[in-house]
Structure formats: structure tokens, C-alpha cells
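Report on the structure given below.
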Amino acid sequence: MIDIKNLTIKNAHEDMKSGKYSAVDLANAYIKVVNEKNKEINAYLEVFADIIEQAKEADKRFKDGTATILTGIPFAIKDNILIKGRIATAASKILDNYHATYDATVINKLKKEGVVFIGRTNMDEFAMGGSTENSAFGITKNPFDTSRVAGGSSGGSAAAMAMNGALSALGSDTGGSIRQPASFCGLVGLKPTYGRVSRYGVMAMGSSLDQIGPFAKTVTDAEIIYNVIKGQDIKDSTTINDNTYSIKKISKKPVIGVPRHFLGGDGIKKDVLDNFNESLEKFKKLDYEVIDIALPNIAYSLPAYYVIMPAEVSSNLSRFDSVRFGLHKDGKDGIDDYFLTRGAGFGREARRRILLGTYVLSSGYYDAYYNRANAVRRIITEDFVKAFEKVDIIMTPTAPAPAFKIGEKISDPVAMYLEDIFTVTANLTGMPAMSIPSGVSKVEGKDLPLGLQMTARHGEERVLFSVGKEFLGE
Ligand code: GLN
179 MIDIKNLTIK NAHEDMKSGK YSAVDLANAY IKVVNEKNKE INAYLEVFAD
229 IIEQAKEADK RFKDGTATIL TGIPFAIKDN ILIKGRIATA ASKILDNYHA
279 TYDATVINKL KKEGVVFIGR TNMDEFAMGG STENSAFGIT KNPFDTSRVA
329 GGSSGGSAAA MAMNGALSAL GSDTGGSIRQ PASFCGLVGL KPTYGRVSRY
379 GVMAMGSSLD QIGPFAKTVT DAEIIYNVIK GQDIKDSTTI NDNTYSIKKI
429 SKKPVIGVPR HFLGGDGIKK DVLDNFNESL EKFKKLDYEV IDIALPNIAY
479 SLPAYYVIMP AEVSSNLSRF DSVRFGLHKD GKDGIDDYFL TRGAGFGREA
529 RRRILLGTYV LSSGYYDAYY NRANAVRRII TEDFVKAFEK VDIIMTPTAP
579 APAFKIGEKI SDPVAMYLED IFTVTANLTG MPAMSIPSGV SKVEGKDLPL
629 GLQMTARHGE ERVLFSVGKE FLGE
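Residue numbering for the sequence shown is 179 to 652, as defined by my numbering.
Structure representation (C-alpha cells):
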């Protein structure tokens, strides 16, 4: 019996290398769990039929000595990342039967390592949401309490990991969609620096905000995946190389900055704040200096995000025009086809954001909304750059509360958007941010995971990794 509950990538690799078990054994262990649990949790939209064949290929590499650290590691992939020949829906009816015609760059890199893809995971439609309730293919439940959401939009990837149905997963993060579900599901979730990981082959939501990143059980595992998927890519002109940002020499321990003034609102649950303060105490015991910092304009992050993101969404989703991809409905003429197809194919949240985005980009309002939001985005980024002259890492909780109940916020979009209060800023500034598990909150007799979010300077993922490892004792 493989103890997959406590398994990490590092251990699994050592075990397979030493012949303790094979990649096929490992794959079978995960398939068993997925068969038992996926019906209830709905983490996977599809479990691939060829898992064992993939694992056999991995075993060959262990035999011939070409195995790498990720060879044979079971991965769950968010359903907006293309794997050639397989269905990719972004959890939308408009792409119900769409087959990817090429591999995303990240998939290409993982294939070279010989990972084993277990399946494609559920998500909010086109990554719009924070609960995976906006999927056209059912809600994903939180394995810690099935009456609650797994978070979103990468809720399927997080739940797949939390139910032990994968050892690692990829998600995409436009405003928190890796970090928030990681926090709801007791995992490590990383959004890399903008441009660090190629977006080629991920379905675009907000192109100036999107990044692909890993879910993992440990910071060490997240770092392993990050090191494989990162890198400049000729197919994504926004990717950067390792020398794009000059790395600051930190002679002593990184200094932690806390925007206290932003943690006072009533939106934040007491348990979350208590847990956050305990985490800071732990850092002090580990000899870190913790100081208060000011981010004077951070309160405008959420409003700026909810202008910029829908603007980009409305433009990106215009490609679903009944002709080029996916669903096609026949009307009386071309325009009618377009209306019928988009009306039938997009869910409520997608339609809401397309309308909002089209509005803020329309000729009379462009300056008042979109350009203004971009100016605010720049000012917020400058505030962070300034704060990073004094500190090396900025900490907040990842989310204002633990996982909420299914249905609790779905009819109140503003309440749902407020969930993103701590996460959207890293996407606006392009800085790397990671959520790590920091404890639990007991709610209705269940232990619900909480997350601590750390943000670093552009290009300084290594600071996140070193501080995260020390906190978790890795
Ligand atoms: N919850 C945020 C939103 O709905 C973030 C989404 C994301 O990161 N993909 O926009």
C-alpha cells in the first residue's frame, strides 16, 4: 500500500527510483481514490483512459536511466490548459466538445519530464469566479467539508489534490484562482511573476493578469514544478528570462512587511486574523523582523481589477463567435448565429463580465473607466515597489474567511468579488505571490484550512520558497 496521503513529489521520486514501487503502482493508487471520490467531489471533468499507458512509459525511463524528478508523477490539469488531442472546455458549454489541436508550452514541458496526466479538472467557466460554482458541468465540493466550495476558479485542481486524487496540479491565476483554492484546500499554491511562465496554450481570461502556476503539498514540491514550467518562450512575447529583474542581495533574514491598515475591515473573519497574527508570531520566533508598512492605495485594487479584468475578458471571449471554435447554433443569418451561439454557450457570469467589459471599453467610457483603472494599477505597483525598499516580503491572509457554503454567495456577485480582496493585487502588479497552509478554523465541527499569502518583488520567487519552507519546517 502506498501512503499517498502523506506523499510528496520528492518522496515519490525517490521511491520509484529505488524500485519500492513503479509509476504504474502509483498511478493505480491514485486511480483507486479518484474512482471512489470523484463522483461526490466532482474535481475531475474527465479522468483519462490512458493513465496506465502513460505510467508504463514513465517506468521505461526509470529503467533506462532517463527519469527526472517529475517522471511518473500524477498531475491534474485545469481544463483551460490545452493538451493536444484531448478535450478542453474551460468548463463552458461553448467548448463542450472542443479538442485541443496543440500542447500548451507548460504541457510540452511536463510531457518532456514524463509526468502522468490523470485528468482535466473543473473550474469556473473561463476562470471567472472564486468558487467553481460557475462551471457548466456542476459544482466542485471541498473535500474538507462537502457542503462548502473548494474555492476557485481552479477549484477542481485544488480538490483533486485535497481528496488525494493527484500528487500535483496546474491551475491558472488571474486574480487569485490558484492561491484562494489552495488556501481553502490546505495546499501550497503559487502565482509566479507575470511573464515567468508561458501563457501559450492557456485559454486567455485577462491577458495582462493571467499566469499558470502549481498546486503542491509542500513548498519544495511547488518549487520543483515551478522550475520545470518557467522560462522564456518564443510563443509568448510577454515571457521574461531569468535576468529580467535584478535580484536584490539579502544579507540577513528577509524582512516581513504587514499592511496592518488593510486588515481592519469587518469583512475579515476573526479566526483568520487570529491565525494570521499567530503566523507572524511564529516568524518572530524564527528570528524574522516583522514591520508595519503602508500601501496607501491598496483599497483601490479590487475596483481596478474589476474594471481591467472584464475589459480583457470581453475582448478575449470575442473569439467565440460560432465560427472559429466550439458550439455553433444556426440562426437566420451570421449575426443571428452569433447571438444564438453565445447566448446558449456562455453562462451567467461570463455574460455579466462580457457586458461589463464591453461597457468600460466603449468609446464614451474608455477614459473614465479603463484608462483610469490602468492609472490606478500603476500607482498601486509603485506603492509596492516603494514598500519593497524596506521589506523583502509582504504578508496578508490569502482570503478573508475559510471556505464558504455552496450557494452562499452565488446570487451576490459583489460579495463573491470581495473574496479576492487580498489576491488581486499581485496580478495587478505582476509580482509573485504564494499561499501556504497556516492552520485551520473550526466551523460547525469541521477543520477548515486557512492560508497565509506572501508576495515578493518581481522575479523573487526564491524568497517565497525560502521563507515558506522555513515556516512549514521543510
Ligand atoms: N475570483 C477572481 C475572479 O473571479 C479570480 C479569477 C482567477 O484568478 N481566474 O475574477
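Using N, Cα and C, we set each Cβ at its ideal position, and we do this for glycine too.
### Task
Using only alpha-carbon positions, find the residue among L534, D465 and N421 that is nearest to M487.
Against the sequence shown, residue 487 aligns to sequence position 309. The residue with the shortest Cα to Cα distance from M487 is L534.
### Query
Between D237 and I259, what straight-line distance do the alpha-carbon atoms span, to the nearest angstrom?
The sequence position of residue 237 within the sequence shown is 59, counting from 1. The sequence position of residue 259 within the sequence shown is 81, counting from 1. I259 has its alpha-carbon roughly 25 angstroms from the corresponding atom of D237.
### Task
Between the Cα of N320 and those of S361, S350 and I572, spot the shortest distance and give me the residue it belongs to.
Taking the first residue of the sequence shown as 1, we reach residue 320 at position 142. For N320, the nearest C-alpha among the options comes from S361.
#### Entry: Among I356, F322 and T324, the one whose alpha carbon lies nearest that of G333
For the purposes of this step, residue 333 is identified with residue 155 of the sequence shown, where counting begins at 1. Looking only at I356, F322 and T324, the smallest Cα-Cα distance to G333 is reached by I356.
### Query
Skipping 5 residues on each side, what residues in its chain have a beta carbon closer than 8 angstroms to that of M306?
For this step, residue 306 is matched to residue 128 along the sequence shown. So the qualifying residues of the chain are N312, S331, M383, V491, E527, A528 and R531.
### Task
Can you give me the start and stop residues for the beta strand (DSSP E) that L534 sits inside?
Locating residue 534 in the sequence shown gives position 356, where the first residue counts as 1. Note, L534: premise wrong, no beta strand (DSSP E); alpha helix (DSSP H) at R526 to L539.
### Query
So does T352 have its beta carbon nearer than 7 angstroms to some heavy atom of the ligand GLN?
Here residue 352 corresponds to residue number 174 of the sequence shown, with the count starting at 1. If you check the C-beta of T352 against the ligand GLN, you find a heavy atom less than 7 angstroms away.
### Query
Residues in its own chain within less than 6 angstroms of F562 by CB, not counting five upstream and five downstream?
As a position in the sequence shown, residue 562 is number 384, starting the count at 1. The residues are T607.
### Query
What do you get for E303, buried or exposed, if any count of 16 or more other CB atoms within 10 angstroms of its CB means buried?
For the purposes of this step, residue 303 is taken as the residue at position 125 of the sequence shown. E303 is buried by the Cβ-count criterion.
### Query
For I402, which residues of its own chain have a beta-carbon under 6 angstroms away from its beta-carbon, when the five flanking residues on both sides are left out?
Indexing the sequence shown from 1 puts residue 402 at position 224. Closer than 6 angstroms at Cβ, skipping near neighbours: I187 and I247.
### Query
Alpha carbon to alpha carbon, how far is N342 from G585?
As a first step, residue 342 must be located in the sequence shown, where it is residue number 164. As a first step, residue 585 must be located in the sequence shown, where it is residue number 407. Roughly 25 angstroms separates the two Cα atoms.
### Query
Can the beta-carbon of F226 be found less than 8 angstroms from the beta-carbon of I296?
Translated into positions along the sequence shown, residue 226 becomes position 48. Translated into positions along the sequence shown, residue 296 becomes position 118. Yes.
#### Entry: Option in T574, P580 and Y222 with minimal Cα separation from H439
On the sequence shown, residue 439 is found 261 positions in, with the first residue counted as 1. Per the Cα distances, T574.
### Task
In angstroms with no decimal places, state the Cα-to-Cα distance between G316 and E231.
Taking the sequence shown and counting its residues from 1, one reaches residue 316 at position 138. Taking the sequence shown and counting its residues from 1, one reaches residue 231 at position 53. Rounded to whole angstroms, the separation of the alpha carbons of E231 and G316 is 29 angstroms.
### Query
If you count every other CB in all the chains shown that lies within 10 Å of the CB of H277, and 16 or more means buried, which is it?
Numbered from its first residue, the sequence shown carries residue 277 at position 99. So H277 counts as exposed.
### Cβ shell of L518 (< 8 angstroms), same chain only, five flanking positions each side left out
For this step, residue 518 is matched to residue 340 along the sequence shown. For L518, where only same-chain residues beyond five positions count, the Cβ hits under 8 angstroms are S500, K507, D508 and G509.
### Query
Under the three-state reduction of DSSP, which class applies to I259: helix, strand or coil?
Position 81 of the sequence shown, counted from the first residue, corresponds to residue 259. Taken through DSSP and simplified to helix, strand or coil, I259 comes out as strand.
### Query
Would N549 pass as a contact of G353 if the rule is Cβ separation under 8 angstroms?
For the purposes of this step, residue 549 is taken as residue 371 along the sequence shown, with counting starting at 1. For the purposes of this step, residue 353 is taken as residue 175 along the sequence shown, with counting starting at 1. Their beta carbons are not under 8 angstroms apart, which means N549 does not touch G353 by this criterion.
### Task
Rounded to whole angstroms, what's the CA-CA distance from E214 to N220? Just pull it up for me.
For the purposes of this step, residue 214 is taken as residue 36 along the sequence shown, with counting starting at 1. For the purposes of this step, residue 220 is taken as residue 42 along the sequence shown, with counting starting at 1. Straight-line Cα distance between these residues: approximately 11 angstroms.
### Query
So, do the segment 475-482 and the segment 551-561 have three or more beta carbon pairs nearer to each other than 8 angstroms?
Under the Cβ criterion (8 angstroms, minimum of three pairs), the segment 475-482 counts as touching the segment 551-561.
### Task
Leaving out five residues on either side along the sequence, give the residues of the same chain with a beta carbon under 6 angstroms from the beta carbon of M339.
As a working mapping, residue 339 is identified with position 161 in the sequence shown. These residues qualify, in order along the chain: A347, L365 and F393.
#### Entry: Below-8 angstroms beta-carbon distance, G391 vs any chain D residue
The chain inventory of the structure shown lacks chain D, comprising one protein chain alone.
### Message
Below 7 angstroms, is the gap between the Cβ of G307 and the nearest heavy atom of the ligand GLN?
### Response
Start at 1 with the first residue of the sequence shown, and residue 307 comes out as number 129. Set against 7 angstroms, the gap from the CB of G307 to the closest heavy atom of the ligand GLN is smaller.
### Task
Would you check if the segment 371-382 and the segment 630-643 touch, i.e. whether three or more CB-CB distances between them fall below 8 angstroms?
Two segments are said to touch when three or more pairs of C-beta atoms, one from each, lie closer than 8 angstroms; by this definition the segment 630-643 touches the segment 371-382.
### Message
For L495, tell me which candidate among I471, A472 and G525 has the shortest Cα-Cα distance.
### Response
Along the sequence shown, read from residue 1 onward, the residue named residue 495 stands at position 317. Check the Cα spacing between L495 and each of I471, A472 and G525: the tightest is with G525.
### Task
Closer than 6 angstroms by C-beta to I285: which residues in its own chain qualify, once you throw out the five before and the five after it? Chain order, please.
Looking up residue 285 in the sequence shown gives position 107. Close CB contacts of I285 within its chain, under the 6 angstroms cut and outside five residues either way in sequence, are with I261 (chain order).
### Message
With a threshold of 7 angstroms (Cβ to nearest heavy atom), would M383 be considered close to the ligand GLN?
### Response
For the purposes of this step, residue 383 is identified with residue 205 of the sequence shown, where counting begins at 1. Yes, since a heavy atom of the ligand GLN falls inside the 7 angstroms radius drawn around the Cβ of M383.
### Message
Quick check: S309 and K587, are their CB atoms within less than 8 angstroms of each other?
### Response
Numbered from 1 along the sequence shown, position 131 holds the residue referred to as residue 309. Numbered from 1 along the sequence shown, position 409 holds the residue referred to as residue 587. It is a contact, given that the beta carbons lie within the stated cut-off.
### Query
Can you give the Cα-Cα distance for P580 and G329, rounded to whole angstroms?
One-based indexing of the sequence shown puts residue 580 at position 402. One-based indexing of the sequence shown puts residue 329 at position 151. Rounded to the nearest angstrom, the two C-alpha atoms are 9 angstroms apart.
### Query
Between which two residues does the beta strand (DSSP E) harbouring F295 extend?
As a working mapping, residue 295 is identified with position 117 in the sequence shown. DSSP places F295 inside the beta strand (DSSP E), whose first and last residues are V294 to T299.
### Task
State the DSSP-derived secondary structure class of A579, mapped to helix, strand or coil.
On the sequence shown, position 401 is the one that residue 579 refers to. In the structure shown, A579 sits in coil (DSSP, three-state: anything other than H, G, I, E or B).
### Message
Distance check for Q631 and A611, CA to CA, integer angstroms please.
### Response
Reading the sequence shown from its first residue, position 433 is the one you call residue 611. Reading the sequence shown from its first residue, position 453 is the one you call residue 631. One Cα belongs to A611, the other to Q631, and the distance between them is close to 7 angstroms.
### Message
T299 and L368 - do their beta-carbons sit closer together than 8 angstroms?
### Response
Within the sequence shown, numbered from 1, the residue matching residue 368 stands at position 190. Within the sequence shown, numbered from 1, the residue matching residue 299 stands at position 121. No. Outside cutoff.
### Task
Taking the CB atoms as reference points, tell me whether Y544 and Y537 lie closer together than 8 angstroms.
Taking the first residue of the sequence shown as 1, we reach residue 544 at position 366. Taking the first residue of the sequence shown as 1, we reach residue 537 at position 359. Taking 8 angstroms as the Cβ cut-off, Y544 and Y537 do not qualify as a contacting pair.
#### Entry: Collapsed DSSP secondary structure at M487 in the structure displayed
Taking the first residue of the sequence shown as position 1, residue 487 is located at position 309. Three-state result, M487: helix.
### Message
With a threshold of 6 angstroms on Cβ separation, who are the neighbours of A400 within its own chain once the five nearest residues in sequence on each side are excluded?
### Response
Here residue 400 refers to the residue found at position 222 when the sequence shown is read from its first residue. Scanning its chain for C-beta atoms nearer than 6 angstroms, with the 5 sequence neighbours on each side dropped, one finds around A400 the residues V366, L368, P392 and A394, in chain order.
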